[in-house]
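A.B. asks: Got a structure for you, questions after.
Protein chains: 2
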Amino acid sequence: MVTIADVARHAGVAPSTVSYVLTGKRSISPQTRSKVRESIRLLGYHPHAGARALASSRTNVVALVLPLRPGVHLPALMRFVTAAATTARKHEMDVLLMTADEGAQGLRRVAGSAQVDGFLMMDVELDDDRVPLLRQLPQPSVLIGRPAAVAGLTCVDLDFEAAGGRCVDHLADLGHRYIGFLGAPSVVYQRNTGSAQRAMAGFGAAAMRRGIASTALPADDDYESVLHSVRALLRAQPAMTALVVHNEAALGWVAGSLRVLGRRVPEDMAVVGICPDDLAEQLQLTSVQLPAEELGHQAVELLVARLNGQPVPPLTLLAPKLIGRASTAPRPRG
Amino acid sequence: MVTIADVARHAGVAPSTVSYVLTGKRSISPQTRSKVRESIRLLGYHPHAGARALASSRTNVVALVLPLRPGVHLPALMRFVTAAATTARKHEMDVLLMTADEGAQGLRRVAGSAQVDGFLMMDVELDDDRVPLLRQLPQPSVLIGRPAAVAGLTCVDLDFEAAGGRCVDHLADLGHRYIGFLGAPSVVYQRNTGSAQRAMAGFGAAAMRRGIASTALPADDDYESVLHSVRALLRAQPAMTALVVHNEAALGWVAGSLRVLGRRVPEDMAVVGICPDDLAEQLQLTSVQLPAEELGHQAVELLVARLNGQPVPPLTLLAPKLIGRASTAPRPRG
DNA sequence: CTCCGGCGTTGAAGCGATTCGACGACATTA
DNA sequence: TAATGTCGTCGAATCGCTTCAACGCCGGAG
Numbered sequence: 001m002v003t004i005a006d007v008a009r010h011a012g013v014a015p016s017t018v019s020y021v022l023t024g025k026r027s028i029s030p031q032t033r034s035k036v037r038e039s040i041r042l043l044g045y046h047p048h049a050g051a052r053a054l055a056s057s058r059t060n061v062v063a064l065v066l067p068l069r070p071g072v073h074l075p076a077l078m079r080f081v082t083a084a085a086t087t088a089r090k091h092e093m094d095v096l097l098m099t100a101d102e103g104a105q106g107l108r109r110v111a112g113s114a115q116v117d118g119f120l121m122m123d124v125e126l127d128d129d130r131v132p133l134l135r136q137l138p139q140p141s142v143l144i145g146r147p148a149a150v151a152g153l154t155c156v157d158l159d160f161e162a163a164g165g166r167c168v169d170h171l172a173d174l175g176h177r178y179i180g181f182l183g184a185p186s187v188v189y190q191r192n193t194g195s196a197q198r199a200m201a202g203f204g205a206a207a208m209r210r211g212i213a214s215t216a217l218p219a220d221d222d223y224e225s226v227l228h229s230v231r232a233l234l235r236a237q238p239a240m241t242a243l244v245v246h247n248e249a250a251l252g253w254v255a256g257s258l259r260v261l262g263r264r265v266p267e268d269m270a271v272v273g274i275c276p277d278d279l280a281e282q283l284q285l286t287s288v289q290l291p292a293e294e295l296g297h298q299a300v301e302l303l304v305a306r307l308n309g310q311p312v313p314p315l316t317l318l319a320p321k322l323i324g325r326a327s328t329a330p331r332p333r334g
Numbered sequence: 001m002v003t004i005a006d007v008a009r010h011a012g013v014a015p016s017t018v019s020y021v022l023t024g025k026r027s028i029s030p031q032t033r034s035k036v037r038e039s040i041r042l043l044g045y046h047p048h049a050g051a052r053a054l055a056s057s058r059t060n061v062v063a064l065v066l067p068l069r070p071g072v073h074l075p076a077l078m079r080f081v082t083a084a085a086t087t088a089r090k091h092e093m094d095v096l097l098m099t100a101d102e103g104a105q106g107l108r109r110v111a112g113s114a115q116v117d118g119f120l121m122m123d124v125e126l127d128d129d130r131v132p133l134l135r136q137l138p139q140p141s142v143l144i145g146r147p148a149a150v151a152g153l154t155c156v157d158l159d160f161e162a163a164g165g166r167c168v169d170h171l172a173d174l175g176h177r178y179i180g181f182l183g184a185p186s187v188v189y190q191r192n193t194g195s196a197q198r199a200m201a202g203f204g205a206a207a208m209r210r211g212i213a214s215t216a217l218p219a220d221d222d223y224e225s226v227l228h229s230v231r232a233l234l235r236a237q238p239a240m241t242a243l244v245v246h247n248e249a250a251l252g253w254v255a256g257s258l259r260v261l262g263r264r265v266p267e268d269m270a271v272v273g274i275c276p277d278d279l280a281e282q283l284q285l286t287s288v289q290l291p292a293e294e295l296g297h298q299a300v301e302l303l304v305a306r307l308n309g310q311p312v313p314p315l316t317l318l319a320p321k322l323i324g325r326a327s328t329a330p331r332p333r334g
């Protein structure tokens, strides 16, 4: 293995000088600098990560804590992961993968052994036992999602409230006056990370603002339940011409249910989803996308900013983006 | 930060003793051992990863190199990743994520800076420029997939040949005598990682063995092409009653094409896929699964074995597993 | 009784970087 | 001219751990 001493000898300088060339923490004359750079290139020198971490107490690695529970949309998760990894590399950092099943114990281990400079954590629950721990850790962390108390943390999330509103605006602009909302399973509205509630709140508020009649119902993720909820919505509001769906698992059954109930999409019923893009693409569904890449990117940027001592807002909300597809089409006002 | 010296002082022993308790590389008396363990627990001591790596030239981290190119099935990839991470943890190891876009350069960097003990690399191409590099690296590596020359490497893969055969056997057992094979796009058979060829070879050989008439055609991943290929297959062999599909992207169009051509599934035409399990589940397709979890698990086990100096076979093939679903049903022999 | 070998433990020497204080050389200012 | 500062470089201490040679102790063999 080639060490900094080898490089120093080869370049005819002191090891510390090589270090300063590498880190740029002191001014070095252009001649010396290029001489050292050349030696580094020639010898194929790479600083030993462990030694560097030991001496500088900086690892240039961030931990990424992934959820493992069933129900998370894997393609979106994967996109998030690669975006985070790619962005991290832009900052000369690497990513250490952790799975949620290690729990708080795992965080303590990784933090305690100084394996990483910071944490990226997805899918935090409202009463997550890891959150108070993260607060105490010497390493900063960024949460993806939005736990109850945001104070003292750094969080990134899609602005679900705006997303709900965006759906209404789109439909209202198309002339719809009676809109339904098909939500997540009711249990999710009882204890949950909050995105479900916020999307619905945004939906309701926007409907009020635009003077539109709205009705909402939860749905489980089986065909029976979806059909039942859709039928109930139609019964509650027979004039309904549009549906907003915030329930990935139910999406597949929506079109079928509507067909059974004699409604064609989009002629008789426009449908907008709040879901990952590839799902919407596959179903040809107008949707507000779940910006996995953007979330991953932002999360890393925020963490890096904190590592550099820059102040960052406790909560960053990404603006929703609506993509029009075949499931909504312009309709004459009336 | 709590160091090994703190623990040693607290337990009234030498730092080296604490180290030996931790690593188990020398015999320690039960009394001393439990005394040290207690101090470790009390002080919440975690060995500093960097220091440990520096002194022992072992990081307890493996690199996982992910493909990024479009077309890889993300859910399967994600499953692989989590399986690898979980298995690694069983061996007290962590996983460092790398994306393929860093290329050979990235491998050199990570290997050179001694960040990891070994590499796990997915989706290797036949003439991959990273493979010769991996051979030279001081760290061992395990490839997922099967490049041209396996000598001197360690590879894990699904036994695609057996998989092709397994499909035939299943169908033959159900009484089918004329079977078609819908393959990957033809370009894939020209330059490719080889799994496509092997699956087809296995299919052909099994058909011969069972005295079954077989016909094969490639298909691109658009509706037109799939319909065209299916029609061609039926024209070539009108008595065909079963179809084996080895083309994830085409799978979605197969049922539709058959319907257009007046064939119901499974009554008129049985269909078996070689594809990730969730895709098959979604389409209610009898399939040979792509065992993502098992691959991830095996890959890590092999790497760990190599790190421990144990000999491992250059090529490990996983036996295919066929799951029966609605797209094949028993049919009377005839 | 002495010698030897094994066991349990220790002290100290690295591992390969960073970083801080110090030190010439040279330019600037009084 | 002497005092002061700046710039570029160096030497040495330090980070926290592993590991090796060495050593005292004890029991069993000679």
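So the protein sequences, as listed, match chains V and U. Going by full-length UniProt numbering, the first sequence opens with residue 1, and the numbers climb by one from there. Going by full-length UniProt numbering, the second sequence opens with residue 1, and the numbers climb by one from there. All C-beta atoms, glycine included, are put in the ideal place defined by N, C-alpha and C. Here the structure is a predicted model, which means the values were calculated and not measured.
According to DSSP, is ASN308 of chain V part of a helix, a strand, or is it coil?
C.D. replies: Coil, per DSSP.
A.B. asks: Just the Cα atoms here: how many angstroms apart are GLU125 of chain U and GLY145 of chain U?
C.D. replies: Roughly 9 Å between the two C-alpha positions.
A.B. asks: Can you check whether the C-beta of HIS170 of chain U is within less than 8 Å of a C-beta belonging to chain V?
C.D. replies: Cβ-Cβ to chain V under 8 Å: no for HIS170 of chain U.
A.B. asks: Quick one: is SER113 of chain V near chain U, going by C-beta distance under 8 Å?
C.D. replies: Yes, contact with chain U.
A.B. asks: Decide if LEU42 of chain U is buried, meaning its Cβ has at least 16 other Cβ atoms within 10 Å, or exposed.
C.D. replies: Answer is exposed; the Cβ neighbour count stays below 16.
A.B. asks: Going by DSSP, what residue range makes up the alpha helix (DSSP H) through VAL21 of chain U?
C.D. replies: Unbroken alpha helix (DSSP H) run through VAL21 of chain U: 15 to 23.
A.B. asks: Going by Cα to Cα distance, which pick from U:THR99, U:ARG9 and U:LEU233 is closest to ALA219 of chain U?
C.D. replies: When each option's Cα is compared against that of ALA219 of chain U, the closest is U:LEU233.
A.B. asks: Which of helix, strand or coil does DSSP assign to ALA329 of chain V?
C.D. replies: Three-state result, ALA329 of chain V: coil.
A.B. asks: Within 10 Å of its beta-carbon, does residue 338 of chain V have 16 or more other beta-carbons around it, so buried, or fewer, so exposed?
C.D. replies: With chain V covering only 1 through 334, there is no way to say anything about residue 338 of chain V.
A.B. asks: How would you label GLN115 of chain U, buried or exposed, when you count the other beta carbons within 10 angstroms and need 16 or more for buried?
C.D. replies: With 16 or more other Cβ atoms within 10 Å, it is buried.
A.B. asks: Please check if any C-beta of chain V sits within less than 8 Å of the C-beta of HIS46 of chain U.
C.D. replies: At least one chain V Cβ lies under 8 Å of HIS46 of chain U.
A.B. asks: On a Cα-Cα basis, can you pick out the residue from U:ILE323, U:LEU303, U:ARG325 and U:GLY309 that is closest to THR316 of chain U?
C.D. replies: It is U:LEU303.
A.B. asks: How long is the line joining the alpha carbons of GLY103 of chain V and VAL2 of chain V, rounded to whole angstroms?
C.D. replies: So the alpha carbons of these two residues sit roughly 39 Å apart.
A.B. asks: Is there at least one Cβ from chain U nearer than 8 Å to ALA53 of chain V's Cβ?
C.D. replies: So, interface residue.
A.B. asks: Which residue spans inside the stretch 45 to 111 of chain V form an unbroken beta strand (DSSP E) run of at least 3?
C.D. replies: Counting only runs of 3 or more, we get 61 to 66 and 94 to 99.
A.B. asks: From the DSSP output, read off the bridge partner residues of SER214 of chain U.
C.D. replies: Note: SER214 of chain U sits in a beta bridge opposite U:ILE179.
A.B. asks: Rounded to whole angstroms, what's the CA-CA distance from PRO30 of chain U to HIS46 of chain U? Just pull it up for me.
C.D. replies: Going by the C-alpha atoms only, they are around 21 Å apart.
A.B. asks: Which one of U:LEU283, U:PRO291 and U:THR86 has the shortest CA to CA distance from VAL265 of chain U?
C.D. replies: Here the closest residue by C-alpha is U:LEU283.
A.B. asks: Compare the Cα-Cα distances from GLY164 of chain U to each of U:ASP117, U:ASN247, U:TRP253 and U:ALA149 and report the closest residue.
C.D. replies: Of the listed residues, the one whose Cα sits closest to GLY164 of chain U is U:ASN247.
A.B. asks: On the DSSP letters alone, give me the boundaries of the beta strand (DSSP E) that SER229 of chain U sits inside.
C.D. replies: Note, SER229 of chain U: premise wrong, no beta strand (DSSP E); alpha helix (DSSP H) at 223 to 236.
A.B. asks: When you check each C-beta in the stretch 58 to 90 of chain V against every C-beta of chain U, which residues fall closer than 8 Å?
C.D. replies: Cβ contacts with chain U come from THR59, VAL61, LEU64, LEU66, LEU68, LEU74, PRO75, LEU77, MET78, ARG79, VAL81, THR82, ALA85, THR86 and ARG89.
A.B. asks: What does the Cβ neighbour count give for MET208 of chain U, buried or exposed, with the cut at 16 atoms within 10 Å?
C.D. replies: It is exposed - the Cβ of MET208 of chain U has fewer than 16 other Cβ atoms within 10 Å.
A.B. asks: What does a CB cutoff of less than 8 Å around LEU133 of chain U pick up in its chain, not counting 5 residues either side in sequence?
C.D. replies: Cβ neighbours of LEU133 of chain U beyond the five flanking positions: ALA104, LEU107 and ARG108.
A.B. asks: Relative to the alpha-carbon of THR215 of chain U, which residue among U:TYR178, U:GLN289, U:ALA196 and U:ALA250 has its alpha-carbon at the smallest distance?
C.D. replies: Looking at the Cα atoms, U:TYR178 is the closest of the given residues.
A.B. asks: Taking 8 Å as the threshold (beta carbon to beta carbon), is GLU294 of chain V in contact with chain U?
C.D. replies: No, no contact with chain U.
A.B. asks: Mind checking VAL288 of chain U: buried by the 16 CB within 10 Å criterion, or exposed?
C.D. replies: VAL288 of chain U comes out buried.
A.B. asks: What does the alpha-carbon distance come out to for the pair THR87 of chain V and HIS48 of chain V?
C.D. replies: Going by the C-alpha atoms only, they are around 23 Å apart.
A.B. asks: Could you compute how far the alpha carbon of CYS155 of chain V sits from the alpha carbon of VAL271 of chain U?
C.D. replies: The straight-line gap from Cα to Cα measures roughly 47 Å.
A.B. asks: What's the gap between the Cα of VAL36 of chain U and the Cα of ALA55 of chain U?
C.D. replies: Near 21 Å, if we compare the C-alpha coordinates of ALA55 of chain U and VAL36 of chain U.
A.B. asks: Looking at the C-beta of residue 350 of chain U, does it have a partner C-beta in chain V at a distance below 8 Å?
C.D. replies: Nothing about residue 350 of chain U can be reported from this structure: the residues present for chain U run from 1 to 334 only.
A.B. asks: Could you give the distance in angstroms between the alpha-carbon of ARG263 of chain V and the alpha-carbon of LEU227 of chain V?
C.D. replies: Between ARG263 of chain V and LEU227 of chain V, the C-alpha separation is close to 12 Å.
A.B. asks: Is there contact here, the stretch 169 to 188 of chain V with the stretch 239 to 246 of chain V, by at least three beta-carbon pairs under 8 Å?
C.D. replies: In short, these stretches touch, since the Cβ pair count reaches three.
A.B. asks: For LEU318 of chain U, which residues from the same chain have a beta carbon less than 8 Å from its beta carbon, with the 5 sequence-adjacent residues on both sides left out?
C.D. replies: Excluding residues within five positions, the ones whose Cβ falls inside 8 Å are VAL156, ASP157, LEU158, ASP159, PRO291, GLU294, LEU295 and GLN298.
A.B. asks: Between LEU64 of chain V and MET98 of chain V, how many whole angstroms is the CB-CB distance? I'm expecting something under 8 Å.
C.D. replies: Correct: roughly 7 Å between the Cβ atoms.
A.B. asks: Would you call the CB atoms of residue 362 of chain V and ASP128 of chain V closer than 8 Å?
C.D. replies: This structure leaves residue 362 of chain V out entirely; chain V is present only between 1 and 334.
A.B. asks: What does the Cβ neighbour count give for ARG130 of chain V, buried or exposed, with the cut at 16 atoms within 10 Å?
C.D. replies: Label assigned to ARG130 of chain V: buried.
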